[in-house]
Amino acid sequence: MTQPWSTSYNQTLPTGAQVSVGFNGQKLSTNNSFQLYTRPIRPTSRSVFQQPLLPQSRLLHQQTAGYHRPQQFRLSQYTLQDSVMKLVSGAELAYWAVVGARENLRVQEKALELADAALKRAQRELELGASSPLDIFQPQAQYANAELSVTQARYNLAQVEDALRKQIAVDLDPNLRNLPVVLTESVDPPVTTAKLDREALVETALRTRPDLRANMQQIDVDDLSAQRH
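The opening position of the sequence shown corresponds to residue 810 in my numbering, with each subsequent residue numbered one higher.
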């Protein structure tokens, strides 16, 4: 039976030189009483010493590697902040999409009520002989279009409600999946008394956007990588 073993040690010196020392071997054993081993353990060793021809460039490689780690850490921070902001923004957009779809359905249902009243009035006028048979087609078409708009609005509302359920992960629970979505925010625009400085707000947003900061940090990381190579 053969039992291999190995160990190694590696170190990079400040001058850029690399030292590597390794030992490996095999332990041989058998249960054959007629077999004799003169060397039950057979070790071997290997030593390597490498010195770059340009030690200064190697030293720069090590220095830039030390600067590279905090740059990568900040890049990860900005990327994480950007991901969280996108999740929050997606949740807000999904919420207000439901608000908009419900308001649109309410408007379309009101338009259907008006179209139904107009069609009934036209039918009554036709029965009394106050209008010609051709005049009934336009109210009928308007009523049919209103019905179609209500159907489309209901379908769109069902889609955005499902998207909101997926956004907050309630679609995974069958007990919560079919519960109605209750909205608490008002659709009325907020009342603002102070005048907003749009240019200052845009400047602040551009300065603090994590995606832009991540891109700028990525440029610094690429510059350091180019110096290392």
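Every residue, glycine too, gets a C-beta built ideally from N, C-alpha and C.
Does residue i pass the burial test, meaning 16 or more other C-beta atoms within 10 Å, or should it be called exposed?
i, result
"alanine 924", "buried"
"valine 991", "exposed"
"glutamine 820", "exposed"
"valine 893", "exposed"
"alanine 1003", "exposed"
"leucine 966", "buried"
"arginine 974", "buried"
"valine 1011", "exposed"
"leucine 902", "exposed"
"alanine 926", "exposed"
Under 6 angstroms Cβ to Cβ from residue i, same chain only, skipping five residues before and after it: list those, please.
i, result
"leucine 935", "Ile945"
"serine 940", "Glu934"
"arginine 883", "Gln1026"
"alanine 931", "Ile945, Pro948"
Going by DSSP, which residues form a beta bridge with residue i?
i, result
"threonine 993", "Per DSSP, none; premise fails for threonine 993."
"phenylalanine 832", "Thr816, Ser854"
Straight-line CA distance for residue i to residue j?
i, j, result
"glutamine 949", "glutamine 917", "16 angstroms"
"glutamine 947", "alanine 953", "10 angstroms"
"threonine 1017", "proline 989", "38 angstroms"
"alanine 978", "asparagine 984", "12 angstroms"
"arginine 915", "glutamine 961", "12 angstroms"
"serine 995", "alanine 1014", "26 angstroms"
"proline 942", "serine 958", "26 angstroms"
"proline 998", "valine 897", "21 angstroms"
"alanine 920", "valine 907", "20 angstroms"
Short of 8 angstroms in beta carbon distance, which residues of its chain neighbour residue i, apart from the five on each side in sequence? Order them along the chain.
i, result
"serine 817", "Ser829, Val830, Gly831, Phe832"
"aspartate 1029", "Gln880"
Apart from the five residues on each side of it in sequence, which residues of its chain come closer than 7 angstroms, Cβ to Cβ, to residue i?
i, result
"valine 857", "Ser829"
"arginine 855", "Gly831"
"alanine 899", "Looking at the sequence itself, residue 899 is glycine, so the reference to alanine does not match. The answer, listed in chain order, is Gln976."
Counting beta carbon pairs with one atom in the stretch 893-912 and one in the stretch 961-978, are three or more of them shorter than 8 angstroms? Proximity of the stretch 961-978 to the stretch 893-912 meets the contact definition, three or more beta-carbon pairs being nearer than 8 angstroms.
Any 3 or more C-beta pairs closer than 8 angstroms across the stretch 1016-1033 and the stretch 875-895: At 8 angstroms Cβ cutoff, the stretches touch.
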